[in-house]
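Throughout, our numbering is defined as the position within the sequence shown, counted from one, plus 8.
Positions of the beta carbon are idealized from the N, C-alpha and C atoms, including for glycine.
Remember, it's a predicted structure, so these values are computed and weren't measured experimentally.
Here is the structure we will look at, set down as structure tokens.
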Amino acid sequence: MLISFGLVVYNEAESKFNYEKWIGKQDKRVWMVDDLLEKHKILNMSKDDIIKLLGKPSDTQYFKEVDNIVYYLGAERGLVRIDSEWLVIWFDEKDIAIDIKIMRD
Numbered sequence: 009m010l011i012s013f014g015l016v017v018y019n020e021a022e023s024k025f026n027y028e029k030w031i032g033k034q035d036k037r038v039w040m041v042d043d044l045l046e047k048h049k050i051l052n053m054s055k056d057d058i059i060k061l062l063g064k065p066s067d068t069q070y071f072k073e074v075d076n077i078v079y080y081l082g083a084e085r086g087l088v089r090i091d092s093e094w095l096v097i098w099f100d101e102k103d104i105a106i107d108i109k110i111m112r113d
């Protein structure tokens, strides 16, 4: 029972958004993204403010369009972790976030 409690506490700590972990452990972002989206209202934020919050977007062509930025989150959640998850944020002509999706490749 003590081991189970320890795992719950560990998982809870790993699932909280933390800038240093977000930047330093990019493959662990998948566990923090739900907390990030719940605590930080990304919609209606400026692109500059989002980049200050999350750091430089991932250098990838996955899901890349002219009006969005993409962040690698890590291997998809679940038992069979074949694909990767990505946070994709779209902007209007004034660089204000208008849509957010978690995508799988």
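Item: Own chain partners of V41 with C-beta closer than 7 Å, once the 5 adjacent residues on each side are dropped; Value: L81, L95, I110
Item: Beta strand (DSSP E) segment containing E93, residue limits; Value: 92 to 99
Item: Reduced DSSP secondary structure (H/G/I, E/B, other) of V38; Value: helix
Item: Short Cβ contact (7 Å threshold) for L44 with A105; Value: no
Item: Touching by the beta-carbon criterion (3+ pairs, under 8 Å), the segment 77 to 92 and the segment 52 to 69; Value: yes
Item: Every unbroken beta strand (DSSP E) within the segment 53 to 92, with a cutoff of 3 residues, ordered by chain; Value: 76 to 83
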